[in-house]
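*Asks:* Just dropping this structure here.
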Ligand SMILES: NC(=O)c1ccc[n+]([C@@H]2O[C@H](COP(=O)([O-])OP(=O)(O)OC[C@H]3O[C@@H](n4cnc5c(N)ncnc54)[C@H](OP(=O)(O)O)[C@@H]3O)[C@@H](O)[C@H]2O)c1
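Residue numbers (the numbering used here): 207 to 498.
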């Protein structure tokens, strides 16, 4: 028989875990929100056996406790549950934060419980329960052995792929996810601004760029970042880069620092690919450092 679980904090991730782990055969013993009414609503959606606005009422005698509140109150909520007898030595307490390590659950460990983090590397949309699936996504885990083992098992049962990471590496792991996801948006916004400056309207601008973006992602997947790099820096085309810098500086001056910073890092990638001569790399560094 699969273990039982409880959810404390029934927002986007808590509700998604409730629905999907129940479907996978785990018993949703109870869930808790600050407001009794929200807990009742979440219980109706997930089919939880019990609900309460008092978390320790629904965490007692449950195998796995997920604390899926906002990150800033995880330790506080965990401490309240531990102090009020909501845990035992057999309890496994997990949170789902990407940036925080399992050690923020230390009040639970002091009671003898096992602690861990189980982070779904995915964006969960507000209350879109039907779409908030774990199928095919990556889940990372770290913490005590019992917590890591059960996280791996649950991830597998949810159709996700589980990776283990070092507790002390969580901040860098999360920074990587922010760059890959959020800064991709920033990069597209930057490209759209330049396309608009070139006279292609806002709505069309991304559509014009989209095949290029998708093709590049596909190349990265096939060959890795170094081999996927094309364009003037990879070719050592110093004159083209010089004209970019001059035009952006005069037409969109607030974007030049970002263009230069990205260009300087791109030189390093081109050097790793062996497509750039030492001389061209030096000239490009001069231009992109604003020294030309
Ligand atoms: N959303 C995502 O895309 C995503 C992705 C990966 C990981 N995560 C992680 O998943 C966790 C939950 O995020 P979320 O996006 O699901 O947040 P959310 O939608 O804002 O839900 C948080 C829930 O916690 C409840 N809550 C707030 N304070 C509480 C307290 N003191 N005691 C009990 N319940 C409390 C809130 O309901 P009431 O205010 O009604 O109590 C709400 O239902 C976070 O650790 C987050 O970093 C989120």
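Every residue gets a Cβ at the ideal spot worked out from N, C-alpha and C, and that includes glycine.
Using CA coordinates, which residue listed in 214, 296, 497, 328 is at the minimum distance from residue 387?
*Replies:* By 1-based counting over the chain shown, the position of residue 387 is 181. Looking at the Cα atoms, 328 is the closest of the given residues.
*Asks:* With 16 as the cutoff for other CB atoms within 10 Å, does residue 338 come out buried or exposed?
*Replies:* Counting from 1 along the chain shown, the entry for residue 338 is found at position 132. With 16 or more other Cβ atoms within 10 Å, it is buried.
*Asks:* For residue 288 and residue 317, which I take to be in contact (beta-carbon distance under 8 Å), what is that distance rounded to the nearest angstrom?
*Replies:* Residue numbering aside, residue 288 sits at position 82 when the chain shown is read from its first letter. Residue numbering aside, residue 317 sits at position 111 when the chain shown is read from its first letter. About 5 Å; that satisfies the 8 Å criterion.
*Asks:* Which of the three DSSP states, helix, strand or coil, is assigned to residue 345?
*Replies:* Walking along the chain shown from the start, residue 345 turns up at place 139. Residue state, collapsed to three classes: strand.
*Asks:* Between residue 450 and ligand 1, is the CB less than 7 Å from at least one heavy atom?
*Replies:* Residue 450 sits at position 244 when you count from the first residue of the chain shown. For ligand 1, not one heavy atom lies less than 7 Å from the Cβ of residue 450.
*Asks:* Helix, strand or coil for residue 486, going by three-state DSSP, please let me know.
*Replies:* For the purposes of this step, residue 486 is taken as residue 280 along the chain shown, with counting starting at 1. When DSSP states are grouped into helix, strand and coil, residue 486 belongs to the helix group.
*Asks:* With DSSP run on the structure shown, which of helix, strand or coil describes residue 284?
*Replies:* Along the chain shown, read from residue 1 onward, the residue named residue 284 stands at position 78. In this structure, residue 284 counts as helix in the three-state DSSP scheme.
*Asks:* In whole angstroms, give me the CA-to-CA distance for residue 235 and residue 378.
*Replies:* Sequence index remark: in the chain shown, residue 235 carries index 29 (1-based). Sequence index remark: in the chain shown, residue 378 carries index 172 (1-based). Rounded to the nearest angstrom, the two C-alpha atoms are 35 Å apart.
*Asks:* Output yes or no for whether 8 Å exceeds the beta carbon distance between residue 283 and residue 273.
*Replies:* Working through the chain shown from its first residue, we reach residue 283 at position 77. Working through the chain shown from its first residue, we reach residue 273 at position 67. Yes.
*Asks:* Identify the continuous alpha helix (DSSP H) that holds residue 569 and give its terminal residues.
*Replies:* Outside the shown range of the chain, which is 207 to 498, sits residue 569, and nothing can be said about it.
*Asks:* Would you list the one or two residues that DSSP bridges to residue 256?
*Replies:* Walking along the chain shown from the start, residue 256 turns up at place 50. In the DSSP output, where bridge partners are listed per residue, residue 256 has 236.
*Asks:* Quick one: using the 10 Å Cβ neighbour count with 16 as the cut-off for buried, is residue 390 buried or exposed?
*Replies:* As a working note, residue 390 is residue 184 in the chain shown. Residue 390 should be labelled exposed.
*Asks:* Between the Cα of residue 452 and those of 441, 465, 277, spot the shortest distance and give me the residue it belongs to.
*Replies:* For this step, residue 452 is matched to residue 246 along the chain shown. Minimum Cα distance to residue 452 is reached at 465.
*Asks:* With hydrogens ignored, establish whether the beta-carbon of residue 330 is closer than 7 Å to any heavy atom of ligand 1.
*Replies:* Numbered from its first residue, the chain shown carries residue 330 at position 124. Yes, since a heavy atom of ligand 1 falls inside the 7 Å radius drawn around the Cβ of residue 330.
*Asks:* Based on the DSSP output, what are the partners of residue 368 in its beta bridges?
*Replies:* Residue 368 sits at position 162 when you count from the first residue of the chain shown. For residue 368, which the question treats as bridged, DSSP gives the partners 345.
*Asks:* Taking the alpha-carbon of residue 227 as reference, which of 245, 240, 281, 208 has the nearest alpha-carbon?
*Replies:* Taking the first residue of the chain shown as 1, we reach residue 227 at position 21. Of 245, 240, 281, 208, the smallest CA-CA separation from residue 227 is found for 208.
*Asks:* Rounding to the nearest angstrom, what Cα-Cα distance links residue 478 and residue 433 in this structure?
*Replies:* Working through the chain shown from its first residue, we reach residue 478 at position 272. Working through the chain shown from its first residue, we reach residue 433 at position 227. Near 9 Å, if we compare the C-alpha coordinates of residue 433 and residue 478.
*Asks:* Suppose the cutoff is 7 Å on Cβ atoms and the five residues either side in sequence are ignored; what does the same chain contact list for residue 426 look like?
*Replies:* Counting from 1 along the chain shown, the entry for residue 426 is found at position 220. Excluding positions up to five away in sequence, the list reads 434.
*Asks:* In terms of residue numbering, what span does the beta strand (DSSP E) encompassing residue 412 cover?
*Replies:* Residue 412 sits at position 206 when you count from the first residue of the chain shown. Careful: residue 412 lies outside any beta strand (DSSP E), inside the alpha helix (DSSP H) at 408-429.
*Asks:* If you check the beta carbons only, do residue 458 and residue 364 fall under 8 Å apart?
*Replies:* Here residue 458 refers to the residue found at position 252 when the chain shown is read from its first residue. Here residue 364 refers to the residue found at position 158 when the chain shown is read from its first residue. Cβ atoms of residue 458 and residue 364: not closer than 8 Å.
*Asks:* For residue 375, is the classification buried or exposed, using 16 other Cβ atoms within 10 angstroms of its Cβ as the cut-off for buried?
*Replies:* In the chain shown, residue 375 corresponds to position 169, counting from 1. It is exposed - the Cβ of residue 375 has fewer than 16 other Cβ atoms within 10 Å.
*Asks:* Taking one C-beta from the segment 294-310 and one from the segment 339-357 each time, how about it: are there three or more such pairs within less than 8 Å?
*Replies:* yes
*Asks:* Hey, is residue 277 close to ligand 1, as in C-beta under 7 Å from one of its heavy atoms?
*Replies:* As a position in the chain shown, residue 277 is number 71, starting the count at 1. Checking every heavy atom of ligand 1 against the Cβ of residue 277, one is found closer than 7 Å.
*Asks:* Between which two residues does the beta strand (DSSP E) carrying residue 326 extend?
*Replies:* Residue 326 sits at position 120 when you count from the first residue of the chain shown. Element bounds for residue 326: 320-326.
*Asks:* Any idea what DSSP makes of residue 311, helix, strand or coil?
*Replies:* Walking along the chain shown from the start, residue 311 turns up at place 105. Here residue 311 sits in helix by DSSP.
*Asks:* On the DSSP bridge assignment, give the partners of residue 300 in chain order.
*Replies:* Along the chain shown, read from residue 1 onward, the residue named residue 300 stands at position 94. Looking at the DSSP assignment, residue 300 forms a beta bridge with 272, 322.
*Asks:* What is the rounded straight-line gap between the Cα of residue 275 and the Cα of residue 416?
*Replies:* On the chain shown, position 69 is the one that residue 275 refers to. On the chain shown, position 210 is the one that residue 416 refers to. Cα-Cα distance, rounded: 36 Å.
*Asks:* Rounded to whole angstroms, what's the CA-CA distance from residue 437 to residue 394? Just pull it up for me.
*Replies:* Residue 437 sits at position 231 when you count from the first residue of the chain shown. Residue 394 sits at position 188 when you count from the first residue of the chain shown. Whole-angstrom Cα-Cα distance: 17 Å.
*Asks:* Taking the DSSP output, what are the residues bridged to residue 214?
*Replies:* Numbered from 1 along the chain shown, position 8 holds the residue referred to as residue 214. Bridge partners of residue 214: 238, 273.
*Asks:* If we count Cβ pairs, one from each stretch, closer than 8 Å, do we get three or more for the segment 438-450 versus the segment 487-497?
*Replies:* The segment 438-450 is in contact with the segment 487-497.
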